[in-house]
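First up is the structure itself, then whatever we jot down about it.
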Amino acid sequence: MSTRQQFAVQEVSPSYWKVAFSNGEINLIDPDTIEQLAELITRIEQASDLTAVVFRSANPDFFMAHWDLLADRSRIAAMKPAPSGLHPFADNLYRLGKVPAVTISEINGRARGAGSEFVLATDIRFAGPGAVLGQFEVGIGSVPGGNPSGRLPRLLGRGRALEILLGADDFPADLAAAYGYVNRVVPESELEQFVDAFARRVAGFDKVAVRETKALVDAVTQPPAEEFGTALAAFFRTSGRPENAHRVKRLIDGGLQRPDGVEHDLGRQVAASS
Numbered sequence: 118m119s120t121r122q123q124f125a126v127q128e129v130s131p132s133y134w135k136v137a138f139s140n141g142e143i144n145l146i147d148p149d150t151i152e153q154l155a156e157l158i159t160r161i162e163q164a165s166d167l168t169a170v171v172f173r174s175a176n177p178d179f180f181m182a183h184w185d186l187l188a189d190r191s192r193i194a195a196m197k198p199a200p201s202g203l204h205p206f207a208d209n210l211y212r213l214g215k216v217p218a219v220t221i222s223e224i225n226g227r228a229r230g231a232g233s234e235f236v237l238a239t240d241i242r243f244a245g246p247g248a249v250l251g252q253f254e255v256g257i258g259s260v261p262g263g264n265p266s267g268r269l270p271r272l273l274g275r276g277r278a279l280e281i282l283l284g285a286d287d288f289p290a291d292l293a294a295a296y297g298y299v300n301r302v303v304p305e306s307e308l309e310q311f312v313d314a315f316a317r318r319v320a321g322f323d324k325v326a327v328r329e330t331k332a333l334v335d336a337v338t339q340p341p342a343e344e345f346g347t348a349l350a351a352f353f354r355t356s357g358r359p360e361n362a363h364r365v366k367r368l369i370d371g372g373l374q375r376p377d378g379v380e381h382d383l384g385r386q387v388a389a390s391s
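So that you can map any letter, position 161 of the sequence shown is 278 in this note's numbering, and since no number is skipped, the others follow by simple counting.
Below, the structure is given as structure tokens:
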């Protein structure tokens with residue numbers, strides 16, 4: 118039986134693609150996401166004329182909710198390393214940050230945990246006023262696995278990175294923009310048009326100039342590959358420990374991974390579960 122495609126690609130032109138993510142009721146990230154994203158990144162890398170890619174969500178309430186906490190851990194552990202030597206999850210986030218096209222996240226709704234790590238791997242982040250970002254993993258006894266510990270300090274500075282990572286709280290769009298977590302907040306009625314216009318503008322420029330300018334910025338801002346391996350190893354080592362099972366159970370009982378309940382107020386609910 119074929120697996121449902123989570124990433125719908127619209128090739129607007131040879132130089133501009135739109136990609137819409139859709140996976141279940143709240144857009145969880147799961148093992149199928151890892152495998153399909155790896156294929157999509159390869160496709161982006163090999164598209165010689167592609168200059169701009171917009172990532173958006175088919176769900177207005179959830180961009181990418183977070184990692185599926187009920188996913189098959191044995192399947193994840195059994196995934197073969199990518200050519201980089203990294204686990205495919207870490208490899209995806211490392212490679213996405215370095216593709217020769219400019220990647221833009223159009224964030225409506227929630228992007229926490231692995232969803233936040235995904236948008237941090239893209240080059241530019243525009244948010245609607247209802248967007249919420251955060252790294253809640255410490256609140257359930259885990260180390261974040263997608264290397265926000267490497268990206269956030271480079272992007273926001275050490276103090277704000279630690280506030281996000283250790284506070285494990287929600288960051289609404291306006292505060293995320295004030296911190297530099299996202300580039301700016303755009304009114305909901307204008308977000309799609311604004312992002313499309315920006316992407317078309319970049320896609321209309323010379324590919325070589327765009328690619329090489331991005332590469333120069335990457336050289337001084339992108340974390341090295343080994344950081345991603347270290348972060349994911351820390352996640353595997355700390356997640357799922359029995360002493361934190363009560364935290365996860367309380368959240369699951371309160372509606373975690375469902376479109377209602379604690380997902381709408383996860384930052385506060387994580388603190389209440391400790």
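Note that beta-carbon positions come from the ideal geometry of N, C-alpha and C, so glycine has one too.
Query: Could you please give me the residues that DSSP links to Gln127 through a beta bridge?; Result: Lys135
Query: Looking only at its own chain, which residues have a Cβ that is under 6 Å from the Cβ of Leu273, when we skip the five neighbours before and after it?; Result: Tyr296 and Gly297
Query: Phe172 to Leu237, Cα distance in whole Å?; Result: 12 Å
Query: Since Ala228 sits in a beta bridge, which residues does DSSP pair it with?; Result: Met181 and Leu250
Query: Buried or exposed for Arg121, please, with buried defined as at least 16 other CB atoms from any protein chain shown within 10 angstroms of its CB.; Result: exposed
Query: Can you check the segment 186-248 for any alpha helix (DSSP H) of at least 4 residues that lies completely inside it and give the ranges in chain order?; Result: 190-194, 205-213 and 231-238
Query: Return the CA-CA distance between Gly247 and Arg229, expressed in angstroms with no decimal places.; Result: 13 Å
Query: Below 8 Å on the Cβ atoms is my guess for Glu344 versus Gly267; work out the distance and round it to an integer in Å.; Result: 4 Å
Query: Where does Ser174 fall in DSSP's three states?; Result: strand
Query: Give the single residue among Arg160, Ala293, Gln374 and Leu308 whose Cα lies nearest to the Cα of Pro217.; Result: Arg160
Query: Determine contact between the segment 376-389 and the segment 282-289, defined as no fewer than three beta-carbon pairs at a distance below 8 Å.; Result: yes
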